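Colleague: Quick one: this structure, given as structure tokens, is what I'll be asking you about.
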Amino acid sequence: MIVADRKPFDEIIGMVAPCERILLIGCNECATVCAVGGAKEGALLASQIRMRRHTEGRPIEVDEKTLERQCDPEYVNALAGTMDGYDAILSIACGCGIQLIAETYPGKRVLPGVNTRFMGITEEHGIWAERCQGCGNCVLDRTCGICPITRCAKSILNGPCGGSQDGKCELRNDTPCAWQLIIDRLGALGELDRYGEIEKPRDWSSSRDGGPRRRVREDMRI
Amino acid sequence: MTAPDNLEKVLSRGHFAVTAECGPPRGADPESIRRKGGYLKGSVDAVNVTDNQTAVVRMSSMAACLILKEAGLEPILQMTVRDRNRIALQSDILGAAALGIRNILCLSGDHQSFGDHPGAKNVHDIDSVQLVDTVRTMRDEGRFLGGDEIKGRPELFIGCVENPFADPFEIRALRLAKKIKAGARFVQTQCIFNVEKFARWMAMVRDLGLHEKAFVLAGITPMKSPGMARYMKNSVPGMDVPDHLVERMASVPKERHREEGIAICLETIEEVKAIEGVAGIHIMAIEWEEIVPDIVRGAGLKTRPQEP
Ligand code: SF4
Ligand code: SF4
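Those protein sequences? They're chains A and B, same order as listed.
Per numbering that gives the first Met the number 0, residue 0 is the first one in the first sequence, and the count goes up by one each step.
Per numbering that gives the first Met the number 0, residue 0 is the first one in the second sequence, and the count goes up by one each step.
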């Protein structure tokens, strides 16, 4: 899923400073699962904003809505009739949701309430970790299901680098070295000899280096 | 001794080689690199010029290499994949060859979060093994990574680094094998303080026959103080400084710290020289280049082979 963090409250307050009436929109998907942009968090943020503005003597009206998915026109379009009268839309979905709202309602000021971070997994309750950069040409078959593009700080395909120690990345000792994980797994599978194969430079054009990506499925179009 | 391919000659004729590292200045003044070069001249076979070492911005390695070359030393251009993509790397490889820089050392580079621009965007388009392979492809096959033909192949002696002290230990020799398969002909190791572990790694290197395919230069670093020993032990990724050395440095009075550091360094050289497959040493006297001639003399290596 996509993992996000809420923006610092003061930054949000700064963004809504010129507004008297805003609509706060959450998303029921990833933003809810990573506990940053669901109905619960929306309600909490809305009341925090109201309270702060109240104590500042400049009350603000905050309405809330949570969409099933904010990255899908089906749900975003449905807001059409309810968008009038707001000085700004504050979205607490991921960057995709925020942008779709902006694209759909060109006349509206759209503000991000979260910092969209990465695609990851829930490691344990309250801990999320990055796993994929959506590089568009997956190498997991050659790396025992562990992504060196994402999990190695240097995206090394023939790792590890010389900084790997005690199973940790040279970057931080709370981060496993992706290559230690790969080697361990190769060992466990009895395939350590595969380590000798040189992985050639990769084609990054399937990644963001190829410019904004788009997927078209003709068979699904109507 | 300043023939362009001196290092390759010294090594391939079976002489014990000595290289040293030289860090370019954090400014545009060429004098400091000339001064450091002056300390090293006559004591070493070639000089490594670091490439924005520890991800701190310095004068470009290529420029500093040329300054050293003009001063009559043989430079080794260090090239990291952290800051340049394959277009820039290949362009620099051609540039180096055109300037008569004949030795190139390929490495990944320290992560930028350790340097003076932690917010920088890094590149890592290719990795260090792929860089070795790139230089070899350009030299031997006369083509770029993209496939086009090169007019005027770069003549380069290709080196790599290996850290026998990083983990997982069991693949450290295999990793060198990969770099050699990609085209590396000399390897400089991380600073050796734990000689016993280095010897174990060398045994693995010999088992794979790698010492016959590439020249292994053992990394040597003189310690200036117990503080430096502790810092390297605790804060430099992939460095293995045994406790007994830290204690030994701390056990002598302050005014004798440097002397003790050099003593340890000379003992280390003696020990690694005795290990089968070690073809030379690589001295990394970090911001202490002036001590290199003393070390070389102390180790009985002062008379460098004069290769025609
Ligand atoms: S290789 Fe690419 S697609 Fe596969 S997990 Fe890594 S980043 Fe994602
Ligand atoms: S320590 Fe491991 S994960 Fe970290 S940069 Fe080096 S190879 Fe990659």
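C-beta: ideal position from N, C-alpha, C; glycine also.
Just so we're clear, the structure is a prediction, and the values are computed from it rather than from any experiment.
(1) Within 8 Å (strictly less), CB to CB, does residue 128 (chain B) reach chain A?
(2) Quick check for students: name the residue ranges of the alpha helix (DSSP H) that lie wholly in the region 62 to 120 of chain A, counting only runs of 4 or more.
(3) Enumerate in chain order the residues of its own chain whose CB-to-CB distance from residue 1 (chain B) is below 8 Å, with the five nearest sequence positions on each side excluded.
(4) Please compile the residues from chain A whose C-beta is within a distance smaller than 9 Å of the C-beta of residue 51 (chain B).
(5) Name the residue from B:35, B:15, B:113 and B:30 whose alpha carbon lies nearest to the alpha carbon of residue 21 (chain B).
(6) Below 8 Å, can you find three or more Cβ-Cβ pairs linking the region 131 to 139 of chain A to the region 74 to 89 of chain B?
(7) Using a Cβ-Cβ cut-off of 8 Å, state whether residue 187 (chain A) counts as contacting chain B.
(8) Any residue with its C-beta under 6 Å from a non-hydrogen atom of ligand 2 counts. Can you list them all in chain order?
(9) What's the call for residue 169 (chain A), buried or exposed, on a 16-neighbour Cβ count within 10 Å?
(10) Within the same chain, show all residues whose beta-carbon is closer than 7 Å to that of residue 49 (chain A), passing over the 5 residues directly before and after it, in chain order.
(11) Run the CB neighbour count on residue 228 (chain B), radius 10 Å, all protein chains shown included, and call it buried at 16 or more, exposed below.
(12) With a cut-off of 8 Å on the beta carbons, I'd call residue 14 (chain B) and residue 221 (chain B) a contact; round off their distance for me.
(13) Less than 8 Å between C-beta atoms, sequence neighbours within five positions excluded: which residues of the same chain meet that for residue 147 (chain A)?
(14) When you compare the region 148 to 155 of chain B with the region 179 to 186 of chain B, are there three or more beta-carbon pairs, one atom per stretch, that lie closer than 8 Å?
(15) What residues in the region 153 to 164 of chain A have a beta carbon less than 9 Å from any beta carbon of chain B?
(16) Just list the residues that DSSP pairs residue 277 (chain B) with in beta bridges.
(17) Nearest CA to the CA of residue 156 (chain B): which residue from B:143, B:105 and B:202?
(18) Just reading off the beta strand (DSSP E) that residue 187 (chain B) is part of, what are its end residues?
(19) I'd like to know whether the C-beta of residue 145 (chain A) is nearer than 8 Å to at least one C-beta of chain B.
(20) Can you tell me which residues fall inside 6 Å of ligand 1, judged by beta-carbon distance to its nearest heavy atom, and keep chain order?
(21) Helix, strand or coil: which one does DSSP assign to residue 3 (chain B)?
(22) From residue 199 (chain A) to residue 142 (chain B), what does the alpha carbon distance come to, in whole angstroms?
(23) Mapping the DSSP letters down to three states, classify residue 175 (chain A) as helix, strand or coil.
(24) Would you identify the three-state DSSP class for residue 304 (chain A), choosing helix, strand or coil?
(25) Does any residue of chain B bring its CB to less than 8 Å from the CB of residue 211 (chain A)?
(26) Using the beta-carbon count (16 or more within 10 Å), is residue 219 (chain A) buried or exposed?
(27) Keeping to the same chain, check which residues put their C-beta closer than 8 Å to that of residue 206 (chain B); ignore five residues upstream and five downstream.
(28) I'd like to know if residue 85 (chain B) contacts chain E, where contact means its C-beta is closer than 8 Å to some C-beta of that chain.
(29) Between which two residues does the beta strand (DSSP E) holding residue 149 (chain A) run?
(30) Determine contact between the region 211 to 218 of chain B and the region 261 to 281 of chain B, defined as no fewer than three beta-carbon pairs at a distance below 8 Å.
(31) Over what stretch of residues does the beta strand (DSSP E) that includes residue 295 (chain B) continue unbroken?
(32) For the region 236 to 247 of chain B, list every residue whose C-beta sits within 9 Å of some C-beta in chain A, in sequence order.
(33) For the alpha helix (DSSP H) holding residue 88 (chain B), just list the boundary residues, first then last.
(34) Give me the DSSP bridge partner(s) of residue 21 (chain A).
(35) For a contact defined as C-beta to C-beta under 7 Å, what are the partners of residue 200 (chain A) on chain B?
Modeller: So, from the data block:
(1) yes
(2) 72 to 76 and 94 to 103
(3) Unreliable positioning characterises residue 1 (chain B) in this predicted model, as indicated by a pLDDT of 37, which lies under 50. A coordinate reading is not provided.
(4) Result: empty, since nearest Cβ-Cβ is about 15 Å, beyond 9 Å.
(5) B:35
(6) no
(7) Chain B contact via Cβ: absent.
(8) A:151, A:152, A:153, A:155, A:158, A:159, A:160, A:162, A:163, A:168, A:169, A:170, A:176, A:177 and A:178
(9) Residue 169 (chain A) should be labelled buried.
(10) Excluding sequence neighbours, residue 49 (chain A) sits near 59 and 61.
(11) Label assigned to residue 228 (chain B): buried.
(12) Between residue 221 (chain B) and residue 14 (chain B) the Cβ distance is about 23 Å, and since that is not below 8 Å, they are no contact.
(13) Cβ within range, chain order: 138, 154, 155, 156, 158, 177, 178 and 181.
(14) no
(15) 153, 154, 155, 156, 157, 158, 159, 160, 161, 162, 163 and 164
(16) DSSP output for residue 277 (chain B) lists B:215 as bridge partner(s).
(17) B:105
(18) 185 to 190
(19) no
(20) A:131, A:132, A:133, A:134, A:137, A:138, A:139, A:146, A:148 and A:149
(21) Unreliable placement is indicated for residue 3 (chain B), whose pLDDT of 47 sits below 50; the coordinate value is still reported in the next sentence. Three-state result, residue 3 (chain B): coil.
(22) 15 Å
(23) strand
(24) Only positions 0 to 221 of chain A appear in the structure, and residue 304 (chain A) is not among them; the question remains open.
(25) no
(26) exposed
(27) In its chain, beyond the 5 residues on either side, 172 have a beta carbon closer than 8 Å to the beta carbon of residue 206 (chain B).
(28) The question asks about chain E, but that chain is absent: this structure's protein chains are A and B.
(29) Segment 147 to 150 is the alpha helix (DSSP H) holding residue 149 (chain A); no beta strand (DSSP E) there.
(30) yes
(31) Taken as a continuous stretch (DSSP letters only), residue 295 (chain B) belongs to no beta strand (DSSP E), being part of the alpha helix (DSSP H) at 291 to 297.
(32) 236, 237, 238 and 239
(33) 85 to 97
(34) A:61 and A:87
(35) 85, 125, 129 and 144
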